[in-house]
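Chemist: In our numbering, each residue's number is its place in the sequence shown (first place is 1) plus 118. Just so it is clear, CB atoms sit at the ideal spot from N, CA and C, and this is done for glycine as well. Computed from a prediction, not measured in an experiment: that's the story for all the values here. I'd like to ask you about the structure that follows.
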Amino acid sequence: MVSEGNNDRIVPATREWISEAAEIIKSGGLVAFPTETVYGLGANGLDEKAVQKIFEAKGRPQDNPLILHVSGIRDAMRYAEVNETAEALMHSFWPGPLTIIMYAACQADVEDIVPAITRANLGTVALRAPLHPVAISLIELAGLPIAAPSANRSGRPSPTTACAVADDLGGSVALILDAGPTTIGLESTVVDVTRDAVAILRPGGVTKEMLAKVVDLFEGDESDLSHRSPGTKHRHYAPDIPLFLWDGEERASFEMAKGVRWCYMGLREPPRDLDTSHRKVIFASIDEYARDLFGKLREFESSGGEIIIAELPDGHNLGGAVRNRLMRAAGS
Ligand code: AMP
Ligand code: MG
C-alpha cells in the first residue's frame, strides 16, 4: 500500500498534541493514537455520531462492536456490570492488553449508558484499560470512554506505526499521535466473563497460560464460541498479496514459491534448496514475531513481492495469538 501524502496528519505524542487530540475527541472527531497493542482509531464512545464516523472511516461492518477504552476499574463500573471474575481479571491484568466483555450497565435499570451503535446492539460491552502512557493521558484528558478499534481499513493488517495508519486512513482522521512502533504488535486478548467459565474470544498479549492462573477457563469446543464474538466472522488482517502458511514440516507451501518473488517470515530458516527469496525475516523469539507480524505483511506487499509464506509457530504463550492472526490473514 503506497502512502497517499497523508503523513501530514502525523504529530509527535507530546503533552500539547495529546491535549489537542482530547479536544477533538470531546467535540465528536476522530484521532488515531498508540496503545501497547496496535494503533487505535478513537472517538467518544458515548456519542453515536462520533462512533458512526469510526465505522465509516474503516468501512467496518456495523454488526462488529467496538471496545471502549477506560482508565481503570472505577471507570469500568460506570459502563458495565463488573462481577467478581471481571474484578479479579482487572486486578491482575489492567492496565494492559486484556479486553473484558461484561453486561452493559443501565441507568435506573432502564436507560442505556453506552449507545447501541457502540455495542452493535448487544446487551454486553467490551472494556479495556490500556497501559500505554499516551493512551492513558488521552483517556484522562478527554474524560470519557474512548471507542477505538484498530486504525486500519477493515480487513487489512492492523497498524503498528503511525505511517501505517496514515497509509490506510490518513484522509479520515484529524490527527495521528506518533509514539513510535507499538511494543506488543497484536490486538488485545478478548475474554467473555458473562458465563461461569471465562471464554477467550480472541487470543492476544495476555495469554491463556496467564489467564489460567487467575480464573477458570472454558475448556469446551472453541467453535462454540464464534457466535459470541461478532468480529470473528469477518475477513481480517489480510495483506494485498496471497499469504501461505508453513507448519515447519511439510514442503507443500513452498511449491507456491517456484518462479515467483516470494517473501518469507518465521522462527526457522525455510528449506535450503529453494530459489532465493525476495525478502526473508527470521525472528529471534515469538515476542518479536508478534511485534513485527503486521508490519512485515505491509512491508512485503509494498516490496514488489508476489506471495508471502509465513511459518505457523506452536500455540504456546504468544504463539496462540500469532497463529490466530496468521490463519485469519491467510483466510484459513
Ligand atoms: P477490534 O476493535 O477490531 O480490535 O475488535 C474488537 C473485538 O472485540 C472484535 O472481535 C469484536 O467482535 C469483539 N467485541 C467487542 N465488543 C463485543 C461484545 N460486546 N461482545 C462480544 N465481542 C465483542
Ligand atoms: Mg481490528
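What number of angstroms, rounded off, separates the C-alpha of residue 291 from the C-alpha of residue 260?
Modeler: Residue mapping note: residue 291 aligns to position 173 of the sequence shown, counting from 1. Residue mapping note: residue 260 aligns to position 142 of the sequence shown, counting from 1. If I take the Cα positions, the gap works out to 17 Å.
Chemist: Which same chain residues end up closer than 8 Å to residue 135 when comparing Cβ atoms and leaving out the 5 residues on each side of it in sequence?
Modeler: Locating residue 135 in the sequence shown gives position 17, where the first residue counts as 1. 129, 293, 295.
Chemist: Are the CB atoms of residue 264 and residue 143 nearer to each other than 8 Å?
Modeler: Along the sequence shown, one-based indexing puts residue 264 at 146. Along the sequence shown, one-based indexing puts residue 143 at 25. In contact: residue 264 and residue 143 (Cβ atoms closer than 8 Å).
Chemist: Which runs of the beta strand (DSSP E) fall wholly inside the segment 294-336 and span at least 3 residues, in chain order?
Modeler: List check, beta strand (DSSP E) in window: 307-310, 317-320.
Chemist: Rounded to a whole number of angstroms, what is the C-alpha to C-alpha distance between residue 333 and residue 388?
Modeler: In the sequence shown, residue 333 corresponds to position 215, counting from 1. In the sequence shown, residue 388 corresponds to position 270, counting from 1. Their Cα atoms are separated by approximately 39 Å.
Chemist: List the residues that DSSP assigns as beta-bridge partners of residue 229.
Modeler: For the purposes of this step, residue 229 is taken as residue 111 along the sequence shown, with counting starting at 1. The partner list for residue 229 (beta bridge, DSSP) reads 225.
Chemist: Measuring CA to CA, which of 189, 194, 365 is closest to residue 205?
Modeler: Translated into positions along the sequence shown, residue 205 becomes position 87. Answer by Cα proximity: 194.
Chemist: Would you list the residues whose beta-carbon is nearer than 7 Å to any heavy atom of the ligand PLP, in the order they occur in the chain?
Modeler: Absence of the ligand PLP is noted for the structure shown, with the ligand AMP and the ligand MG being the only ligands found.
Chemist: For residue 398, collect the residues of the same chain with a Cβ closer than 8 Å to its Cβ; drop the 5 residues on either side in sequence, then sort them by chain order.
Modeler: The sequence position of residue 398 within the sequence shown is 280, counting from 1. Once the five neighbours on either side are set aside, the close Cβ partners of residue 398 are 381, 382, 383, 388.
Chemist: By Cβ distance, which residues of its chain are closer than 6 Å to residue 249, with the 5 residues on each side in sequence left out?
Modeler: Taking the sequence shown and counting its residues from 1, the one referred to as residue 249 is at position 131. Only 154, 213, 214 meet the Cβ criterion.
Chemist: Given 7 Å as the limit, tell me if residue 207 has its C-beta closer than that to any heavy atom belonging to the ligand AMP.
Modeler: Locating residue 207 in the sequence shown gives position 89, counting from the first residue. It does not: the Cβ of residue 207 is nowhere closer than 7 Å to a heavy atom of the ligand AMP.
Chemist: Give a yes or no on whether the C-beta atoms belonging to residue 222 and residue 198 are separated by under 8 Å.
Modeler: Along the sequence shown, one-based indexing puts residue 222 at 104. Along the sequence shown, one-based indexing puts residue 198 at 80. A contact, by the Cβ cut-off of 8 Å.
Chemist: For residue 452, which three-state DSSP category applies?
Modeler: No answer is possible for residue 452: it lies beyond the span of the chain, which begins at 119 and ends at 450.
Chemist: Between residue 350 and the ligand AMP, is the CB less than 7 Å from at least one heavy atom?
Modeler: Counting from one through the sequence shown, the residue named residue 350 turns up at place 232. The answer is yes for residue 350.
Chemist: Pairing CB atoms from the segment 297-311 with CB atoms from the segment 417-424, are three or more of them under 8 Å?
Modeler: Verdict: no, contact absent.
Chemist: With DSSP run on the structure shown, which of helix, strand or coil describes residue 488?
Modeler: Residue 488 is absent from the model: the chain starts at 119 and stops at 450.
Chemist: In the DSSP assignment, the beta strand (DSSP E) including residue 363 goes from what residue to what residue?
Modeler: Mapped onto the sequence shown, residue 363 falls at position 245. Residue 363 -> beta strand (DSSP E) spans 361-364.
Chemist: Taking the beta strand (DSSP E) that residue 130 falls in, what are its first and last residues?
Modeler: In the sequence shown, counting from the first residue as 1, residue 130 sits at position 12. Looking at the DSSP string, the run of the beta strand (DSSP E) that includes residue 130 is 128-130.
Chemist: Count the CB pairs spanning the segment 319-332 and the segment 427-442 that are closer than 8 Å, and state whether there are at least three.
Modeler: Output reads yes: the segment 427-442 touches the segment 319-332.
Chemist: Run the proximity test for residue 411: is its beta-carbon closer than 7 Å to any non-hydrogen atom belonging to the ligand AMP?
Modeler: Along the sequence shown, one-based indexing puts residue 411 at 293. Not so, every heavy atom of the ligand AMP lies at least 7 Å from the Cβ.
Chemist: With a Cβ-Cβ cutoff of 8 Å, do residue 304 and residue 184 count as a contact?
Modeler: Translated into positions along the sequence shown, residue 304 becomes position 186. Translated into positions along the sequence shown, residue 184 becomes position 66. Cβ distance not < 8 Å, so residue 304 and residue 184 don't count as in contact.
Chemist: Counting C-beta neighbours from all protein chains within 10 Å, is the total for residue 190 16 or more, i.e. buried, or is it exposed?
Modeler: Within the sequence shown, residue 190 is the residue found at index 72, counting from 1. That one is exposed.
Chemist: Out of curiosity, what's the CA-to-CA distance linking residue 361 and residue 156?
Modeler: Walking along the sequence shown from the start, residue 361 turns up at place 243. Walking along the sequence shown from the start, residue 156 turns up at place 38. So the alpha carbons of these two residues sit roughly 21 Å apart.
Chemist: Please list the segments of the beta strand (DSSP E) lying wholly inside the segment 232-269, counting only runs of 3 or more residues, in order along the chain.
Modeler: Fully enclosed beta strand (DSSP E) runs of 3 or longer: 242-246.
Chemist: From residue 402 to residue 445, what does the alpha carbon distance come to, in whole angstroms?
Modeler: Taking the first residue of the sequence shown as 1, we reach residue 402 at position 284. Taking the first residue of the sequence shown as 1, we reach residue 445 at position 327. Going from the Cα of residue 402 to the Cα of residue 445 covers about 21 Å.
Chemist: Under the criterion of a Cβ to heavy atom distance below 7 Å, does residue 182 qualify as lining the ligand AMP?
Modeler: If you number the sequence shown from 1, residue 182 lands on position 64. Residue 182 Cβ: within cutoff of the ligand AMP.
Chemist: Mapping the DSSP letters down to three states, classify residue 162 as helix, strand or coil.
Modeler: Translated into the one-based positions of the sequence shown, residue 162 becomes position 44. It is a strand residue.
Chemist: Indicate the three-state DSSP secondary structure (helix, strand or coil) for residue 422 in the structure shown.
Modeler: Within the sequence shown, numbered from 1, the residue matching residue 422 stands at position 304. Note: residue 422 maps to coil in three-state DSSP.
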